[in-house]
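Asks:
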Amino acid sequence: MINNEAAEKVATAVEKSKIPVARIARDSGVPRATLVRKMNGGGEFGVYEILRIANAIGIEPASLLPTPYQAKHAA
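Residue 1250 in this note's numbering is what sits at position 53 of the sequence shown, and the numbering runs on without skipping anything.
As structure tokens, this is what we get:
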């Protein structure tokens, strides 16, 4: 599971993408209610959810990971 920093990054990325949450949910396979709940801090995103959401938005998955994971990814 990925922490709440990821939830903030996902919420920001979704907002910046201007893609409707329903479409991101459909394209990522993450139920809309789950996506919204987790973006609001009501649970943690799994790694595969992060990957699928990033793909649905069209961004690099590492950009949604918490800072410690980004540092490891870049090394």
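For each residue, glycine too, the CB sits at the ideal point set by N, CA and C.
Remember, predicted model here, so these are calculated numbers, not experimental data.
Using the rule of at least 16 other Cβ atoms within 10 Å of the residue's Cβ for burial, across every protein chain shown, is R1234 buried or exposed?
Replies: Position 37 of the sequence shown holds residue 1234. Per the 10 Å Cβ criterion, exposed.
Asks: Can you list, in chain order, the residues of its chain whose CB lies under 6 Å from that of K1206, leaving out five sequence neighbours each side?
Replies: Position 9 of the sequence shown holds residue 1206. L1261, listed in sequence order.
Asks: Please look up how many angstroms separate the CB atoms of I1221 and A1253, rounded, as I've assumed it's under 8 Å.
Replies: Looking up residue 1221 in the sequence shown gives position 24. Looking up residue 1253 in the sequence shown gives position 56. Contact flag correct, Cβ pair sits at about 5 Å.
Asks: Which same chain residues end up closer than 6 Å to A1219 when comparing Cβ atoms and leaving out the 5 residues on each side of it in sequence?
Replies: Start at 1 with the first residue of the sequence shown, and residue 1219 comes out as number 22. Taken in chain order, the residues that qualify are R1229.
Asks: Quick test of your reading: A1203 and G1238, contact by CB under 8 Å. State the CB separation rounded to the nearest angstrom.
Replies: The residue you call residue 1203 lines up with position 6 of the sequence shown. The residue you call residue 1238 lines up with position 41 of the sequence shown. In fact, because the Cβ distance is near 11 Å, the residues do not count as touching under 8 Å.
Asks: Assuming E1212 and V1227 form a contact by the criterion Cβ under 8 Å, report the distance between their Cβ atoms to the nearest whole angstrom.
Replies: For the purposes of this step, residue 1212 is identified with residue 15 of the sequence shown, where counting begins at 1. For the purposes of this step, residue 1227 is identified with residue 30 of the sequence shown, where counting begins at 1. The pair is not a contact, with the Cβ atoms about 16 Å apart (cut-off 8 Å).
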